[in-house]
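Engineer:
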Amino acid sequence: MFFELTEEQMAVQQAARDFAQNILKPGVIERDREMKYPKKEVRQMAEMGFLGMMVSPEYGGGGMDTISYVLAMEEISKIDASCSVIMSVNNSLVCWGLEAFGTEAQKQKYLTKLATGEWVGAFCLSEPEAGSDATSQRTTAEDMGDYYLLNGTKNWITNGGTSKVHLVMAQTHPEKEHRGINCLIVETDWEGVAIGTKEDKLGIRASDTNSIMYTDVKVPKKNRIGDDGFGFKFAMSTLNGGRIGIAAQALGIAAGAYELSLAYSKERKAFGKPISEHQAIAFKLADMATEIEAARLLVYRAAWLKDQQMDYSTASAMAKLFASEVAMRHTVEAVQIHGGYGYVKEYHVERLMRDAKITQIYEGTSEVQRIVISRSILQGQLYVPIWADKVAV
Ligand code: CAA
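Take the sequence shown: its letter number 42 is residue 239 in my numbering, and every next letter is one higher.
1. Return the Cβ separation of M251 and T263 in integer angstroms, given the expectation that the two are a contact with Cβ distance under 8 Å.
2. Can you say whether G318 is buried or exposed, counting buried as having 16 or more other CB atoms within 10 angstroms of its CB?
3. Please state if the CB of I378 and the CB of A367 are separated by a distance shorter than 8 Å.
4. Give me the Cβ distance between G294 and L248, rounded to the nearest whole Å; I'm assuming they're in contact under 8 Å.
5. Strictly by DSSP, which residues pair up with R465?
6. Of the residues G426, I570, Q476, I401, which one's Cα is nearest the Cα of A516?
7. Run the CB neighbour count on K587, radius 10 Å, all protein chains shown included, and call it buried at 16 or more, exposed below.
8. Considering only DSSP beta bridges, list what N287 is partnered with.
9. Near G260, what residues of its chain come up, given a Cβ to Cβ distance below 6 Å and the 5 sequence neighbours on each side ignored?
10. Could you give the DSSP three-state label for A331: helix, strand or coil?
11. Let me make sure I understand the geometry here. Which of R493, L308, K275, T350 has the alpha-carbon closest to that of E324?
12. Could one say the Cβ of F480 lies closer than 8 Å to chain D's Cβ atoms, at least one of them?
13. Roughly how many angstroms separate the alpha carbons of S510 and P471, rounded to a whole number?
14. How would you call N420, buried or exposed, if buried means at least 16 neighbouring beta carbons within 10 angstroms?
15. Helix, strand or coil: which one does DSSP assign to E324?
16. Tell me where the alpha helix (DSSP H) around K373 begins and ends.
17. Locate the beta strand (DSSP E) running through T385, then write down its first and last residues.
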């Protein structure tokens with residue numbers, strides 16, 4: 198078992214670290230306060246190749262492995278989780294889904310623009326009454342012969358207002374339940390697509406999150422991904438990888454809070470010595486470092502399994518569950534270590550604490566991850582298939 202990163206992976210990590218420190222950090226507090234979409238920064242991320250990292254170069258992507266992607270996600274999330282969620286949705290949910298399951302024509306038309314970051318995409322599964330219970334899609338895609346008529350509302354859509362392309366899950370055959378759902382590629386400037394106002398959120402405030410209303414939108418049949426009724430399977434398969442991205446985001450948020458806390462605790466003095474020399478603080482740092490390292494191993498393992506084309510659905514759920522819980526727990530501790538300074542924006546840790554919360558919610562709540570993991574354990578699928586069989590996904 199080897200734990201070393203390759204030179205290429207370390208170069209990606211360093212590039213992402215420099216980008217986050219030099220480009221993202223200066224404006225991050227203002228963007229959070231003003232809920233200002235990082236338009237310029239997203240363009241720069243596109244130029245750096247961060248928006249289509251794993252896509253084949255044939256379609257304009259970076260052709261990198263999932264390990265490189267999580268390394269970049271981690272570094273960017275240490276500084277700006279609003280930027281990293283934009284990046285994660287575009288890479289994992291939109292580009293990966295299109296490359297894995299789209300037709301050649303769909304890839305040529307959409308993936309080439311999404312992988313280069315010329316366009317940003319959104320993944321539209323959640324609805325006002327279908328969050329965790331994702332099979333209960335109320336949005337309909339009525340089969341009209343050579344097109345679908347799309348009607349319904351999607352909620353909490355990352356990149357909702359700034360994307361050019363939506364991947365929309367919608368019900369075509371209600372009698373078939375989740376097997377009647379389709380995924381349709383919808384261009385946001387088509388007639389009948391209306392974008393709701395940007396949500397005023399607790400965290401990741403700079404990223405745009407919107408409701409989307411579809412009213413009699415005509416979607417050509419050629420814009421359906423996969424066979425008729427493949428939409429739910431598409432969403433679940435895509436989320437298996439998406440959860441690795443969010444796990445890496447949570448890891449980065451936790452690690453960012455830890456690095457700030459370590460540095461602060463060596464400088465800040467109380468009772469005649471740096472607070473890091475008080476056991477009360479030193480033990481907090483020890484717990485943070487240990488749990489963050491454990492989260493890192495789970496995240497890297499899930500990414501590695503994906504790169505090996507082995508089953509990673511349970512591993513990604515475990516990584517997201519653990520990393521997001523660690524992020525929440527230790528960003529709260531980071532504020533505590535910083536004391537009064539931790540409670541004001543200038544010191545960054547209160548933002549990281551607010552940003553951490555969403556990692557326990559989106560792309561499947563912690564409770565949904567426990568459903569996925571417990572089903573896998575109870576079916577006896579956990580250790581044997583992950584390590585022994587090569588299961589193509
Ligand atoms: N991978 C592949 N297929 C899967 C799967 C997985 N992880 N999980 C389920 N499936 C398949 C099942 O095999 C089954 O297929 P068949 O019927 O053909 O055999 C089908 O999906 C239905 O599965 P279940 O019977 O298990 O469905 P369920 O209703 O009991 O539970 C669930 C499924 C795991 C709770 C699922 O609904 C779920 O993951 N919910 C959470 C949804 C979610 O993550 N939403 C995030 C929104 S996107 C987002 O947040 C993006 C953003 O903007 C940041």
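All C-beta atoms, glycine included, are put in the ideal place defined by N, C-alpha and C. All values derive from a computational prediction rather than experimental measurement.
Structural biologist: Looking at the atomic coordinates:
1. 6 Å
2. buried
3. yes
4. Contact doesn't hold; Cβ gap of about 14 Å is too wide.
5. Note: R465 sits in no beta bridge, so no partner.
6. I570
7. For K587, the predicted structure reports a pLDDT of 48, less than 50, and the residue's modelled location is therefore unreliable. The matter cannot be settled from this model.
8. N287 pairs with nothing; no bridge assigned.
9. S253, P254
10. coil
11. T350
12. Of the chains in the structure shown, none is chain D; there is only one protein chain.
13. 44 Å
14. buried
15. strand
16. Here K373 belongs to no alpha helix (DSSP H), and DSSP marks it neither H nor E.
17. That residue, T385, is in no beta strand (DSSP E); it is neither H nor E in DSSP.
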